[in-house]
Amino acid sequence: MDDNEDTGEPASGTRRDVLRSAGLLTGAGLTGVSSPDGTPGPPVERPGDRPTPTCGDGDATPPRPGPDFLYDDNPTPPQLQNTGGWSASPLMVSGTEGYDDGEYLYQDFVYDDHGADTSPAGTPPSPRPDATYAGATGDFVYPTDQATYRDNAADLLEFRCRPVGGDAGEDPGVAYRITLQTIADPEAAVVAVGIDTGDATETDWGHGLGDLGAPVGHVLAVSGDEATLDGSTDGVRSVSVDEERSQLEVVVDLDPGRETWTHYCVTGVREAAAGGLAFAPVGEQATEDRPGGANGQDVPPVFNVGFRIDEPLGALNEESEELERELEQQREAVGSRSPGYGNRRDHAQAGALAERDISAFGAAVDFDRLRDGVVDRRVPETGFMCRLYGSAFDLGTTDRFESSEGVDADEPVFLGQVQPYALYVPSSYDPDDPEPTPLWLDCHSRSACYTQYATYSPDQLRQLGEENDTIVLTPEARGPTGWYQQEAEIDVFEAWRDCRNRYAIDDDRVFLGGYSMGGYATYKFGAQYPDLFAKGFAVVGPPGEDVLAGPTNGNAKTNDGASADPENTMRITDNLRHVPLLMWNGANDQLVPLPGVINYEQQLRDHGYRHELDVFPGYEHFTFAVRDDWGPGAAFFAGDYLGSPTVTRNPARVTYRAVPDFDHDLGGDAPELVHDGAYWVHDISPRGTGDAAEALVDAVSHADGYGEPATEDFQGPGTDPAPYTKRGTRWSGALQRSPARNALDVTLEGTERATVYVEAAGLDPARRLDLTVESDGPATLVLKGSFGEREVQVDTGTSERTLRLCGAE
Numbered sequence: 009m010d011d012n013e014d015t016g017e018p019a020s021g022t023r024r025d026v027l028r029s030a031g032l033l034t035g036a037g038l039t040g041v042s043s044p045d046g047t048p049g050p051p052v053e054r055p056g057d058r059p060t061p062t063c064g065d066g067d068a069t070p071p072r073p074g075p076d077f078l079y080d081d082n083p084t085p086p087q088l089q090n091t092g093g094w095s096a097s098p099l100m101v102s103g104t105e106g107y108d109d110g111e112y113l114y115q116d117f118v119y120d121d122h123g124a125d126t127s128p129a130g131t132p133p134s135p136r137p138d139a140t141y142a143g144a145t146g147d148f149v150y151p152t153d154q155a156t157y158r159d160n161a162a163d164l165l166e167f168r169c170r171p172v173g174g175d176a177g178e179d180p181g182v183a184y185r186i187t188l189q190t191i192a193d194p195e196a197a198v199v200a201v202g203i204d205t206g207d208a209t210e211t212d213w214g215h216g217l218g219d220l221g222a223p224v225g226h227v228l229a230v231s232g233d234e235a236t237l238d239g240s241t242d243g244v245r246s247v248s249v250d251e252e253r254s255q256l257e258v259v260v261d262l263d264p265g266r267e268t269w270t271h272y273c274v275t276g277v278r279e280a281a282a283g284g285l286a287f288a289p290v291g292e293q294a295t296e297d298r299p300g301g302a303n304g305q306d307v308p309p310v311f312n313v314g315f316r317i318d319e320p321l322g323a324l325n326e327e328s329e330e331l332e333r334e335l336e337q338q339r340e341a342v343g344s345r346s347p348g349y350g351n352r353r354d355h356a357q358a359g360a361l362a363e364r365d366i367s368a369f370g371a372a373v374d375f376d377r378l379r380d381g382v383v384d385r386r387v388p389e390t391g392f393m394c395r396l397y398g399s400a401f402d403l404g405t406t407d408r409f410e411s412s413e414g415v416d417a418d419e420p421v422f423l424g425q426v427q428p429y430a431l432y433v434p435s436s437y438d439p440d441d442p443e444p445t446p447l448w449l450d451c452h453s454r455s456a457c458y459t460q461y462a463t464y465s466p467d468q469l470r471q472l473g474e475e476n477d478t479i480v481l482t483p484e485a486r487g488p489t490g491w492y493q494q495e496a497e498i499d500v501f502e503a504w505r506d507c508r509n510r511y512a513i514d515d516d517r518v519f520l521g522g523y524s525m526g527g528y529a530t531y532k533f534g535a536q537y538p539d540l541f542a543k544g545f546a547v548v549g550p551p552g553e554d555v556l557a558g559p560t561n562g563n564a565k566t567n568d569g570a571s572a573d574p575e576n577t578m579r580i581t582d583n584l585r586h587v588p589l590l591m592w593n594g595a596n597d598q599l600v601p602l603p604g605v606i607n608y609e610q611q612l613r614d615h616g617y618r619h620e621l622d623v624f625p626g627y628e629h630f631t632f633a634v635r636d637d638w639g640p641g642a643a644f645f646a647g648d649y650l651g652s653p654t655v656t657r658n659p660a661r662v663t664y665r666a667v668p669d670f671d672h673d674l675g676g677d678a679p680e681l682v683h684d685g686a687y688w689v690h691d692i693s694p695r696g697t698g699d700a701a702e703a704l705v706d707a708v709s710h711a712d713g714y715g716e717p718a719t720e721d722f723q724g725p726g727t728d729p730a731p732y733t734k735r736g737t738r739w740s741g742a743l744q745r746s747p748a749r750n751a752l753d754v755t756l757e758g759t760e761r762a763t764v765y766v767e768a769a770g771l772d773p774a775r776r777l778d779l780t781v782e783s784d785g786p787a788t789l790v791l792k793g794s795f796g797e798r799e800v801q802v803d804t805g806t807s808e809r810t811l812r813l814c815g816a817e
């Protein structure tokens, strides 16, 4: 992409200039119905706002873009709920601590419970080997009894403490609340809290832990409804376990007064055979009730360590050619150590445990501040962070999964109701700024995770986030290989919902992108939800899950790395009329062969849709990631190349192909994922059934006149960020514009039923409406608006009629 090309679009200017040029600033809360060349029309309410009724009180508002739950308030799943005197809101940013109204809080990372680094090679099977580029540094694995341990039993989620008593009639003490990510069996895990009151020297904590390098004067151990203080129950005032909330609560007879005590916290698997509150030793191989992964090393049996405020992440080799070679070797030699560290945010933890020295991970808890009720929540406002969100849905209620806890036994899916996502917030972000901030949804690759770009491509966050004044969100997608379907798709929109509720996001400037499987997500979500995104930037993205599906239009498959029900996005390219795409691919890419991408690009060209495909000679699959130069992508999102950097809301022409085979109903309390329309056309259903059933609606509103854009196919060389050849299509204004009239043209292919929201299309239901429908079979067209609903039955062929929807002219 070169910025000096003639785009046929208005020149860039101020934010409000851009809105006016796109017809998006015609009044308060209003948008204009625009033609493909961007010419503004009469004001029409944007989706989500109710149009002014013109002839009744019927529902004239189309469904909001995206799933309904994208617009919900953030839920509070059980693990985040407060009971029994605890009141502070959770921090929800991993690796942070704070004080809030009498409570000290620490928020840990999730799915970071992998213990010590015991081997320079060989990633552990939890998370499973599917996470080739997101392996943990630690090597521990849980016992094989999945029902008890869920591959996640000792995952610390949150630590809290507060002083209690001290008033007349109640002795002073300290209350602790430890929340685990998973409690399938309350006695599966054991937690030890080390307390240094100021002069401790003993570093052997007992309980089978041995020397941890951190001096403590007291050790509090808890598992289920059992607890000891310094090996005795005498100092334990109360202990309880809340299995629903995965919370352990203990009150001990210690009096810190207003002193500052250093706390440490470790978790592990409980040694059931020995009795008491001992940590199970780690063997070479996991058994039904013993963890594995020692690899001959004498390391403490600790899976997770608390109070890690500065967990590092990055690439072990920063030299780009060497890193690219290591990534290729990782792909070919499954089981070798990932060339990135900190993927699972456990790197410092794994190293400290290997050295038997966790002294760097102590929390200096100031009881003076607690007694004074100081509020000091040390959550970063900007920069890179690992956020957590609470899911509204219990996957254990669905037809796909038997449990809502831990990691699924058959697929690398994270099931808990607290899930992570990565967020980069630029330093320019100001929540009080009246102009909200753009968002880039940046989806991760297959076998990677939510920290991918911070680990391997940090300049991407700098160029597209910091320098573009844009918030960058990378969802975990519930695991490394979900292909953004089913629970992975739900995760994307739940993370987005959390972000929308916490930051001032500009819904008119939302961009979509990703690397490899994330590029596939760009094609998938851009086509399924075109009314959510301004533009898309796909890097080495395959059009289908299977590497042969793209080159062969789905006629040949390898089934290598694809889901059980692979979706080929070449079936839904019709829907990208208003979402310009920039695509980067390497000529030597073995994982995503170029013929498939060329095939996809040819479909866009045949449609006459705006796009550019840049092919880089000599580039392989990982070259873009390790060279880490994204300037043209940043310019594409920020500028007017191939189209305005604002989401198209109510265009004059809507084209949407619904493919029910791409819809999913997981059952239980999970939302049904249905992709059956956009803008002012919805509820599209095909006449047939089965995997091949699909329905296309192509509708044109003449409310402001209409003219097809002049399309120009182009090709040539480029140089930024490296030499490449480009080809694509751009628009340059309407060829010939028809006069404005209250008319609607609709083409139906394979469609049994579809709904058009009349007023959202800019049409006036109080005037006569000229309706022309061309259909390849019998169909029902539902016209909906303030007048209510009107069903129009159409036969095969072309039919014309004039309708009175509410009164006469």
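The sequence shown begins at 9 in our numbering and counts up one residue at a time.
Where is the CB? At the ideal position from N, CA and C, for every residue including glycine.
DSSP, read as helix, strand or coil, puts residue 189 in coil. In this chain, residue 475 is not harboured by any beta strand (DSSP E), its DSSP state being neither H nor E. Distance between residue 295 and residue 147, taken at the CA atoms: about 15 Å.
Burial check for residue 758: the Cβ neighbour count within 10 Å reaches 16 or more, so the residue is buried. Exposed is the label assigned to residue 744, since fewer than 16 other Cβ atoms lie within 10 Å of its Cβ. Residue 389 sits exposed, since fewer than 16 C-beta atoms from the chains shown fall within 10 Å of its C-beta. In this structure residue 381 is exposed. Its beta-carbon is surrounded by fewer than 16 other beta-carbon atoms within 10 angstroms. Nearest C-alpha to residue 521 among 574, 511, 587 and 194: 587. The beta-bridge partner set that DSSP reports for residue 432 consists of 392 and 480.
The beta carbons of residue 220 and residue 188 sit no closer together than 8 Å.
Residue 497 sits buried, since 16 or more C-beta atoms from the chains shown fall within 10 Å of its C-beta. Beyond the five residues adjoining it in sequence on each side, residue 662 comes within less than 7 Å, by CB distance, of 686, 687, 688, 689 and 707 in the same chain, given in chain order. In this structure, residue 198 sits away from residue 235, with a CB-CB distance that is not shorter than 8 Å.
When the beta-carbon positions are compared, residue 789 and residue 754 come within less than 8 Å of each other.
In the structure shown, residue 577 falls within a helical segment according to DSSP collapsed to helix, strand and coil. Using a Cβ-Cβ distance cut-off of 8 Å, the region 428-446 and the region 171-184 are not in contact, since fewer than three pairs of beta carbons, one from each stretch, lie closer than that value. In the DSSP assignment, residue 723 falls within the unbroken beta strand (DSSP E) covering 717-726. Closest in C-alpha terms to residue 149, from the list 168, 642, 119 and 577, comes 119.
Residues of the same chain with a CB within less than 6 Å of the CB of residue 408, apart from the 5 flanking positions on each side, are 674 in chain order.
Between residue 446 and residue 517, the gap from beta carbon to beta carbon is short of 8 Å. Classified as buried, residue 358 has 16 or more neighbouring CB atoms from the shown chains inside 10 Å of its CB.
At a Cβ-Cβ threshold of 8 Å, residue 714 and residue 692 do not count as neighbours. In the three-state reduction of the DSSP assignment, residue 106 falls in the strand class, which pools E and B. With contacts defined by Cβ atoms closer than 8 Å, residue 782 and residue 806 form a contacting pair. Annotation for residue 608: the continuous alpha helix (DSSP H) segment containing it runs 602-615.
Contact holds between the region 793-800 and the region 63-74, because three or more Cβ pairs, one in each stretch, are under 8 Å apart. Under the DSSP assignment, residue 213 falls outside any beta strand (DSSP E); it carries neither an H nor an E label. Between the region 527-536 and the region 582-599, the count of Cβ pairs shorter than 8 Å is three or higher; the stretches touch. Here DSSP, grouped into helix, strand and coil, assigns residue 371 to strand. Beta-bridge analysis with DSSP links residue 235 to 230. Residue 667 sits in coil when the DSSP states are folded into three classes, being neither helix nor strand.
Straight-line measurement puts the Cα of residue 212 at about 47 Å from the Cα of residue 523. The DSSP-derived three-state label of residue 287 is strand.
For residue 545, the uninterrupted beta strand (DSSP E) run begins and ends at 543-547, by DSSP.
Comparing alpha carbon positions, the residue from 80, 249 and 302 closest to residue 124 is 302. Annotated as proximal: residue 732 and residue 623, with beta-carbon spacing under 8 Å.
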